[in-house]
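Below is one structure, written out as structure tokens; comments come after it.
Number of protein chains: 2
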Amino acid sequence: DSLTQIQYDTIYNVFSLVIASQLFTSIFLVISLPRVLPRYRQALTVAAVVCGIAAYHYFRIFNSFTEAFVTEAVGGRGDYVQVAGASFNEGYRYVDWLLTVPLLLLELVAVLALARKVQSSLLKRLIPAAALMIALGYPGEMASDNLTRGIFGLLSSVPFAYILYVLFVELTRSLARQPATVRKTISLLRLLLLATWGVYPIAYLLPGLGIDGSDAWVGLQIGYSVADILAKCLYALIIFRIARMKSFSDD
Amino acid sequence: DSLTQIQYDTIYNVFSLVIASQLFTSIFLVISLPRVLPRYRQALTVAAVVCGIAAYHYFRIFNSFTEAFVTEAVGGRGDYVQVAGASFNEGYRYVDWLLTVPLLLLELVAVLALARKVQSSLLKRLIPAAALMIALGYPGEMASDNLTRGIFGLLSSVPFAYILYVLFVELTRSLARQPATVRKTISLLRLLLLATWGVYPIAYLLPGLGIDGSDAWVGLQIGYSVADILAKCLYALIIFRIARMKSFSDD
Ligand SMILES: CC1=C(/C=C/C(C)=C/C=C/C(C)=C/C=O)C(C)(C)CCC1
Ligand SMILES: CC1=C(/C=C/C(C)=C/C=C/C(C)=C/C=O)C(C)(C)CCC1
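Protein chains in written order, with the working numbering: chain A, 1 to 251; chain B, 1001 to 1251.
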């Protein structure tokens, strides 16, 4: 496949946007750590680590992209084609998710500061389910045929559905015990989670729907990138806001 | 030997997973240092350094791998063969272990916060034994014949057995003096140590057992990598948990 200069430049700049967003959200959170009560620092620390991990992977994704697509046109004003001997490694996303998706759930549970028992019961179910969801998606994404892709996508949807069930049915009970001022923000956070996490399985389906070619691929990369900014950076900033609000109301 | 694209991509992504895991566990520990009592900071600092050292070595291992195996296929969609003039350096692992294995034992002893005398008596025996174990394994790993490999493997097993003896017989007495809440977590840590450290001598034996070919080599690299994540990152997180629990119960 080949990319026009506009397509190439767009992806190039979007990837760089993700690096800047993740890296500096991470730095912001580390600097802001002393501004919340100690009991909320676990959530912010994990959020900082998540954004740091994402920054690392987008550095890698960016380099993988610029090494895999080249042009011979002077000043780069031409089509970009795939080079011999290098590939764009889609796998970085799965390595990233394998680490960050369980941690995003940990952030959510940590910022609620529930009783220790409730916390560990939630995490014992959410974290393995998240790891399983990503691990099952990987062979599907790497497969070259749509059947394998479909089967692993379906398998991966089972833990996905389970995670949503735990977050939207079980967690609702714990919400009642949160201070009234933050209850709305927590609902907002959960909504953001649903809206952004839903993007990933939809993007995964695109190649199977016969939507292909370079436009679809460009759309996919931009979709994943924007979803990653919302699901990690914006999510972290809302977590920070909840931690600040709870720090005030606990005081 | 040559690798298929799936084998190459799998190792590539696993190595990157190890880099991300080690690097960000290290950063997490440094950020979290103020969250435990000063007497437990030695253990966390050492854990952070261990994961940092491992991140460095996996950067090297990753680069060594991508330089040693190349393909000429467009988009990287083909077999990867060993290039002329570059080798995959298995030695990085031994350099890493020579530094990190003694430090992992130091972490364990430090988090127990035993009497100063007991600590130094344990370390005076564990650290030289660990260094000797790795130093004796290196010539065996580098040797091309199975006899040399076997002899040095056997020699290296002597300090290995001694370390296990000290950890499981002598340390058990000190465990009785730990707060009840953390005793279970410490036992868990020791079990993790036994389960993960046991992977290394088994992997070492594989070539001697006639199991060869690229599948075995891929399995070996994945096995070492996963063991390194468990023996350093998960181990460090359990150390962190012990330090947090003890900080609460001492307070
Ligand atoms: C259900 C499903 C998937 C779900 C992926 C999700 C939910 C990813 C979330 C990623 C996040 C939140 C990243 C970090 O910001 C896969 C693996 C695409 C495979 C197809 C089925
Ligand atoms: C007994 C034995 C070995 C033991 C190696 C061990 C126990 C390594 C542990 C490494 C760790 C814990 C790494 C860091 O995470 C060797 C050297 C393979 C040589 C064969 C005999």
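Each residue gets a CB set at the ideal place from its N, CA and C atoms; glycine is no exception.
In chain order, what residues of the same chain lie with their CB nearer than 7 Å to the CB of residue i, ignoring the 5 residues before and after it?
i                  : result
Ile1053 of chain B : Asp1096, Leu1099, Thr1100
Phe59 of chain A   : Ile19
Leu23 of chain A   : Ala55
Leu136 of chain A  : Phe152, Leu155, Ser156
Val49 of chain A   : Leu103
Ala1131 of chain B : Leu1098, Pro1102
Tyr1008 of chain B : Phe1069, Tyr1080
Arg1039 of chain B : Ala1113
Arg41 of chain A   : Leu33
Arg183 of chain A  : Leu175
Ser1021 of chain B : Ile1229, Cys1233
Go through its chain and collect everything with a Cβ distance to residue i's Cβ below 8 Å, but skip five positions before and after it.
i                  : result
Ile151 of chain A  : Gly140
Glu1067 of chain B : Val1083, Ala1086
Asp251 of chain A  : Leu37
Thr1148 of chain B : Pro1139, Gly1140
Arg1244 of chain B : Arg1035, Val1036
Which of the three DSSP states, helix, strand or coil, is assigned to residue i?
i                  : result
Ser1002 of chain B : strand
Ala73 of chain A   : coil
Gln1221 of chain B : helix
Val182 of chain A  : helix
Ala48 of chain A   : helix
Ala115 of chain A  : coil
Val1095 of chain B : helix
Val1036 of chain B : coil
Arg1054 of chain B : The question names Arg, but residue 1054 of chain B is Ala in the sequence shown. Here Ala1054 of chain B sits in helix by DSSP.
Val1081 of chain B : strand
Glu1107 of chain B : helix
Glu90 of chain A   : coil
Ser144 of chain A  : coil
Gly1137 of chain B : helix
Asp250 of chain A  : helix
Phe1176 of chain B : With the sequence shown as reference, residue 1176 of chain B is identified as Ala, and Phe is not the correct amino acid for it. It is coil, neither helix nor strand.
Gly153 of chain A  : helix
Gly213 of chain A  : helix
Have a look at the options and flag the residue whose alpha-carbon is nearest the alpha-carbon of residue i.
i                  : options                                    : result
Leu44 of chain A   : A:Asp250, A:Ser249, A:Arg241               : A:Arg241
Ile222 of chain A  : A:Ser16, A:Gln5, A:Leu192                  : A:Ser16
Ser1157 of chain B : B:Ala1216, B:Ala1129, B:Met1142, B:Tyr1224 : B:Ala1129
Tyr1224 of chain B : B:Leu1003, B:Ile1061, B:Leu1132            : B:Ile1061
Ser1064 of chain B : B:Ile1186, B:Gln1005, B:Leu1171, B:Ile1011 : B:Ile1011
Lys246 of chain A  : A:Ala180, A:Tyr162, A:Gly198, A:Ile202     : A:Ala180
Leu1189 of chain B : B:Thr1172, B:Ala1203, B:Ile1202            : B:Thr1172
Trp197 of chain A  : A:Ser174, A:Val226, A:Ala176, A:Gly219     : A:Val226
Phe168 of chain A  : A:Val182, A:Arg149, A:Leu191, A:Val199     : A:Leu191
Thr25 of chain A   : A:Asn89, A:Ser249, A:Arg244, A:Ile239      : A:Ile239
Val1014 of chain B : B:Ala1243, B:Leu1220, B:Leu1234, B:Phe1248 : B:Leu1220
Leu194 of chain A  : A:Thr185, A:Gly75, A:Leu122, A:Leu164      : A:Leu164
Thr232 of chain A  : A:Thr71, A:Leu108, A:Gly75                 : Thr is not the amino acid found at residue 232 of chain A; the sequence shown has Lys there. The residue with the shortest Cα to Cα distance from Lys232 of chain A is A:Leu108.
Arg125 of chain A  : A:Glu170, A:Ala243, A:Tyr235               : A:Glu170
Val111 of chain A  : A:Tyr92, A:Met142, A:Ser187, A:Tyr162      : A:Ser187
Can you list, in chain order, the residues of its chain with a C-beta nearer than 6 Å to that of residue i? Leave out the 5 residues immediately preceding and following it.
i                  : result
Leu106 of chain A  : Val46
Asp1 of chain A    : Ser214
Pro159 of chain A  : Ala129, Leu132, Met133
Val30 of chain A   : Ala48
Asn1089 of chain B : Ser1064
Ser1174 of chain B : Leu1114
Ile1127 of chain B : Pro1102
Taking a cut of 8 Å between CB atoms, which residues from the stretch 1057 to 1089 of chain B lie near chain A? Val1070, Thr1071, Glu1072, Ala1073, Val1074, Gly1075, Gly1076, Arg1077
Taking a Cβ distance cut-off of 7 Å, strictly less, list which residues of the stretch 1142 to 1163 of chain B are near chain A, in chain order. none
Check each residue of the stretch 165 to 183 of chain A: if its Cβ is closer than 7 Å to any Cβ of chain B, include it; give the result in chain order. none
Give the residues from the stretch 1021 to 1052 of chain B that approach chain A closer than 8 Å (Cβ to any Cβ), ordered along the chain. Ser1021, Leu1023, Phe1024, Ile1027, Phe1028, Ile1031, Ser1032, Arg1035
Under 9 Å (Cβ pairs) to chain B, residues found in the stretch 185 to 205 of chain A: none
Within 9 Å of chain A by C-beta, residues of the stretch 1009 to 1021 of chain B in sequence order: Asp1009, Thr1010, Tyr1012, Asn1013, Val1014, Ser1016, Leu1017, Ile1019, Ala1020, Ser1021
Tell me which residues of the stretch 93 to 112 of chain A have at least one Cβ-Cβ distance to chain B shorter than 8 Å, keeping chain order. Tyr94, Val95, Asp96, Leu98, Leu99
Which residues, taken in chain order from the stretch 113 to 142 of chain A, show a beta carbon closer than 9 Å to some beta carbon of chain B? Tyr138, Met142
May I ask you to list, following chain order, the residues of the stretch 209 to 227 of chain A that have a beta carbon less than 8 Å from some beta carbon of chain B? none
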